[in-house]
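Asks: From first to last, the protein sequence lines are chains F and W.
If you count by the numbering used here, then the first sequence holds residues 424 to 615, one letter each, in order.
If you count by the numbering used here, then the second sequence holds residues 424 to 615, one letter each, in order.
We put the beta carbon where it would ideally sit given N, CA and C, even for glycine.
Number of protein chains: 2
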Amino acid sequence: MPGKRSTYHHGDLRAALIQAADEIIAEGGIEVFSLRAAAQRAGVSPSAPAHHFGSAKGLLTEVALLAFERVGRYIEEAGHSDDVVADMRALSLAFVTFAVDHPGHFRLMFRNDLVNRSDPRYPEMSIKPGMRLALAVSAYHGKSEMDLNRFEDAADIFCALSALHGLAHLVLAEKTTPFFENASSRDFLEKE
Amino acid sequence: MPGKRSTYHHGDLRAALIQAADEIIAEGGIEVFSLRAAAQRAGVSPSAPAHHFGSAKGLLTEVALLAFERVGRYIEEAGHSDDVVADMRALSLAFVTFAVDHPGHFRLMFRNDLVNRSDPRYPEMSIKPGMRLALAVSAYHGKSEMDLNRFEDAADIFCALSALHGLAHLVLAEKTTPFFENASSRDFLEKE
DNA sequence: GGCACAATCTGAACACTGTCAAGATGTAAT
DNA sequence: ATTACATCTTGACAGTGTTCAGATTGTGCC
Chain F
424 MPGKRSTYHH
434 GDLRAALIQA
444 ADEIIAEGGI
454 EVFSLRAAAQ
464 RAGVSPSAPA
474 HHFGSAKGLL
484 TEVALLAFER
494 VGRYIEEAGH
504 SDDVVADMRA
514 LSLAFVTFAV
524 DHPGHFRLMF
534 RNDLVNRSDP
544 RYPEMSIKPG
554 MRLALAVSAY
564 HGKSEMDLNR
574 FEDAADIFCA
584 LSALHGLAHL
594 VLAEKTTPFF
604 ENASSRDFLE
614 KE
Chain W
424 MPGKRSTYHH
434 GDLRAALIQA
444 ADEIIAEGGI
454 EVFSLRAAAQ
464 RAGVSPSAPA
474 HHFGSAKGLL
484 TEVALLAFER
494 VGRYIEEAGH
504 SDDVVADMRA
514 LSLAFVTFAV
524 DHPGHFRLMF
534 RNDLVNRSDP
544 RYPEMSIKPG
554 MRLALAVSAY
564 HGKSEMDLNR
574 FEDAADIFCA
584 LSALHGLAHL
594 VLAEKTTPFF
604 ENASSRDFLE
614 KE
């Protein structure tokens, strides 16, 4: 696993480091991640990442952006029927499924201390999946088109996204809270 | 601020450490917290906390339990009218207000890596504020009494708590997401 | 081809962190 | 007074991210 190499230059260290960090987070979450561990997995010295990402935050930002891309794929693959209610449920389930499938990445995405939120690519990446959900919410409420500047639409979407966001967080921590031991995520979907 | 002392024994180091940690988190969040910094603020050596709390997690658990007590007070002070809708809004606002007033503590409470969630006092402390909200949700839905084992009740409450939880998280991060620049937390309250 | 230059990676260091084992110090009980 | 115990200090260890001088390599230019 240490990924030794013969040449002094790695070839594509940047991509290798991103992949290494992505794997570490997928396997053990953010707790077990360290810049040195990622460097070692890529078969490189501890200070090599600095040249490509500046800091650990820089590397983690790349992983987070990848995660946003991934959740976007989850969402895009769901909810293409002509039933707005079924679509809404499918999209919600897709979002929560992503969180359950990739808990480490999900937590990373919303950790402002680990991710550089002022990265220029961040707004677009983070909004894209939300936009898809927003459209579904809008359709669910019977609107043919939506306008985020309209108070009512924004409130609806804000409500739905809040609920989804919180739902995912609660589901990830559900093992520890004895509040709803027999409630699955579907219990919620039936509501929204 | 280093809090020097003359006697070899501190007197009430346990309480002093909890207060020091609480202050640090209130001032700079979890990012700037360190066991050594808390020890220094209490005027004590870096390894003194170990004897009282075992590990840093032990100390942070105390701070988190205090925070649960605090959010409980926020909630108990709100929503005592005879209007279930107004109560619901007041309780929700109280919850979000706590998150805005104490962002460091709010984030700490749900960080399983920093807090010992298997602490025996944890279930009671964390459920108490939720119970108050659950009753309000139940009343809001026109139930005179609620039964968490009943599917419908649990789903309603799960939905409401999810929404609140997610709302607080989004509000804390709202400065960075350009999604809803002109949407305040009230936009949501009007919905639930 | 050969050479200067820029990019890339290493190695060693620094200032941190949490944790631990031994010893110093004070308190309380016998 | 002496013994037992709780408490705090000292010093160390392994680990972290980051920095910087230098070693190594690929690239473009003559």
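(1) Rounded to whole angstroms, what's the CA-CA distance from Leu537/W to Pro472/W? Just pull it up for me.
(2) Do you know whose CA, among Arg544/W, Leu516/W, Arg540/W and His528/W, lies nearest Leu584/W's CA?
(3) Mind pulling the chain W residues with CB within less than 9 angstroms of Glu450/F?
(4) Find the residues of chain F that neighbour Ala461/W, judging by a C-beta separation of less than 8 angstroms, and give them in chain order.
(5) Terminal residues of the continuous alpha helix (DSSP H) containing Ala517/F?
(6) Counting only the same chain and skipping the five closest in sequence on each side, list residues whose C-beta sits under 7 angstroms from that of Ser549/F.
(7) Can you check whether the C-beta of Leu531/W is within less than 9 angstroms of a C-beta belonging to chain F?
(8) Which value, in whole angstroms, describes the spacing of the CA atoms of Asp524/W and Leu595/W?
(9) Report whether the distance from the Cβ of Ser567/W to the nearest heavy atom of the ligand NAD is below 8 angstroms.
(10) Can you tell me which of His588/W, His592/W, Leu593/W and Met554/W puts its alpha carbon nearest to the alpha carbon of Asp576/W?
(11) Counting contacts by CB-CB distance shorter than 9 angstroms, is Gly481/W in contact with chain F?
(12) Restricting to Cα atoms, I'd like to know which of Gly451/F, Arg437/F and Ala513/F is closest to Ala479/F.
(13) Just the chain W side, please: which residues come within less than 8 angstroms of Leu440/F by C-beta, in chain order?
(14) Roughly how many angstroms separate the alpha carbons of Arg496/F and Asp505/F, rounded to a whole number?
(15) Identify which residue in Ala443/W, Val494/W and Ala509/W has its Cα closest to the Cα of Leu483/W.
(16) What's the gap between the Cα of Leu571/F and the Cα of His474/W?
(17) Between the stretch 501 to 520 of chain F and chain W, which residues of the former have CB atoms less than 8 angstroms from a CB of the latter, in chain order?
(18) Take the Cβ of Tyr545/W as the centre, count every other Cβ of all protein chains shown within 10 Å, and call the residue buried at 16 or more, exposed below.
(19) Taking Ser585/W as the query, report the chain F residues whose CB atoms sit under 9 angstroms from its CB, ordered along the chain.
(20) In angstroms, rounded to a whole number, what distance separates the CA positions of Phe518/F and Val494/F?
(21) Which chain F residues sit within Cβ distance under 8 angstroms of Glu454/W?
(22) Helix, strand or coil for Pro472/F? Go by DSSP, reduced to three states.
(23) In chain order, what are the residue ranges of uninterrupted alpha helix (DSSP H) at least 4 long that sit wholly in the stretch 531 to 565 of chain W?
(24) Is it buried or exposed, Arg540/W, if we count other Cβ atoms within 10 angstroms and call 16 or more buried?
(25) Spatial neighbours of Phe456/F within its chain, please: C-beta separation below 7 angstroms, excluding the five flanking residues on both sides.
(26) Beta-carbon separation of Leu531/F and Ile441/F under 9 angstroms?
(27) I'd like the span of the alpha helix (DSSP H) that includes Glu575/F, first residue to last.
(28) Any chance you could list the alpha helix (DSSP H) runs of at least 4 consecutive residues sitting entirely within the stretch 443 to 495 of chain F, in chain order?
(29) Whose C-alpha, out of Ala522/W, Gly565/W and Ala487/W, is nearest the C-alpha of His588/W?
(30) From the DSSP output, in three-state form, read off Leu571/F for me.
(31) For the putative contact between Pro514/F and Ala501/F, defined by C-beta atoms under 8 angstroms, what is the C-beta separation to the nearest angstrom?
(32) For chain F, check one thing: does any of its Cβ atoms lie closer than 9 angstroms to the Cβ of Phe491/W?
Replies: Let me lay it out:
(1) For this step, residue 537/W is matched to residue 114 along the second sequence. For this step, residue 472/W is matched to residue 49 along the second sequence. Cα-Cα distance, rounded: 16 angstroms.
(2) Taking the second sequence and counting its residues from 1, the one referred to as residue 584/W is at position 161. Measuring from the Cα of Leu584/W, the nearest candidate turns out to be Leu516/W.
(3) For the purposes of this step, residue 450/F is taken as the residue at position 27 of the first sequence. Neighbours of Glu450/F on chain W: none; closest Cβ ~16 angstroms, over 9 angstroms.
(4) Against the second sequence, residue 461/W aligns to sequence position 38. Within 8 angstroms Cβ-Cβ: nothing; Ala461/W doesn't reach chain F, min ~18 angstroms.
(5) Residue mapping note: residue 517/F aligns to position 94 of the first sequence, counting from 1. That run of the alpha helix (DSSP H) goes Val507 to Asp524.
(6) The residue you call residue 549/F lines up with position 126 of the first sequence. Taken in chain order, the residues that qualify are Phe491.
(7) As a position in the second sequence, residue 531/W is number 108, starting the count at 1. No, no contact with chain F.
(8) Translated into the one-based positions of the second sequence, residue 524/W becomes position 101. Translated into the one-based positions of the second sequence, residue 595/W becomes position 172. Their Cα atoms are separated by approximately 10 angstroms.
(9) As for the ligand NAD, it is missing from this structure, which has no ligand bound.
(10) In the second sequence, counting from the first residue as 1, residue 576/W sits at position 153. Checking every option, the nearest Cα to that of Asp576/W belongs to Met554/W.
(11) On the second sequence, position 58 is the one that residue 481/W refers to. Chain F contact via Cβ: absent.
(12) As a first step, residue 479/F must be located in the first sequence, where it is residue number 56. Nearest option by C-alpha distance: Arg437/F.
(13) As a position in the first sequence, residue 440/F is number 17, starting the count at 1. The contacting residues do not exist; Leu440/F stays about 23 angstroms from chain W at best.
(14) As a first step, residue 496/F must be located in the first sequence, where it is residue number 73. As a first step, residue 505/F must be located in the first sequence, where it is residue number 82. Approximately 20 angstroms, taken between the alpha carbons.
(15) The count along the second sequence starts at 1 and reaches residue 483/W at position 60. With distances taken between Cα atoms, Leu483/W lies closest to Ala443/W.
(16) Translated into positions along the first sequence, residue 571/F becomes position 148. Translated into positions along the second sequence, residue 474/W becomes position 51. If you take the alpha carbons of Leu571/F and His474/W, they lie about 55 angstroms apart.
(17) none
(18) Here residue 545/W corresponds to residue number 122 of the second sequence, with the count starting at 1. Buried, since its Cβ has 16 or more Cβ neighbours within 10 Å.
(19) For this step, residue 585/W is matched to residue 162 along the second sequence. Per Cβ cutoff of 9 angstroms: Ser585, Ala586, Leu587, His588, Gly589, Leu590, Ala591, His592, Leu593, Val594 and Phe611.
(20) Mapped onto the first sequence, residue 518/F falls at position 95. Mapped onto the first sequence, residue 494/F falls at position 71. Distance between the alpha carbons of Phe518/F and Val494/F is about 7 angstroms.
(21) Against the second sequence, residue 454/W aligns to sequence position 31. Asp536, listed in chain order.
(22) Looking up residue 472/F in the first sequence gives position 49. Correct three-state label for Pro472/F: helix.
(23) 545 to 563
(24) Position 117 of the second sequence, counted from the start, is the residue given in the question as residue 540/W. Buried, by the Cβ-count rule.
(25) Translated into positions along the first sequence, residue 456/F becomes position 33. If we look at Phe456/F and ignore the five residues flanking it on each side, its Cβ neighbours are Ala444, Ile447 and Ile448.
(26) For the purposes of this step, residue 531/F is taken as the residue at position 108 of the first sequence. For the purposes of this step, residue 441/F is taken as the residue at position 18 of the first sequence. Taking 9 angstroms as the Cβ cut-off, Leu531/F and Ile441/F do not qualify as a contacting pair.
(27) Here residue 575/F refers to the residue found at position 152 of the first sequence. Per DSSP, Glu575/F belongs to the alpha helix (DSSP H) from Phe574 to Leu595.
(28) 458 to 464 and 471 to 476
(29) Your numbering for residue 588/W matches position 165 in the second sequence. Selected option, being the one with the closest Cα: Ala522/W.
(30) As a first step, residue 571/F is located in the first sequence; it is residue number 148 there, counting from the start. DSSP places Leu571/F in coil when its eight states are reduced to three.
(31) Translated into the one-based positions of the first sequence, residue 514/F becomes position 91. Translated into the one-based positions of the first sequence, residue 501/F becomes position 78. In the sequence under discussion, the amino acid at residue 514/F is Leu, which differs from the Pro named in the question. Contact holds; Cβ gap of about 6 angstroms.
(32) For this step, residue 491/W is matched to residue 68 along the second sequence. Judged by the 9 angstroms Cβ criterion, Phe491/W is not in contact with chain F.
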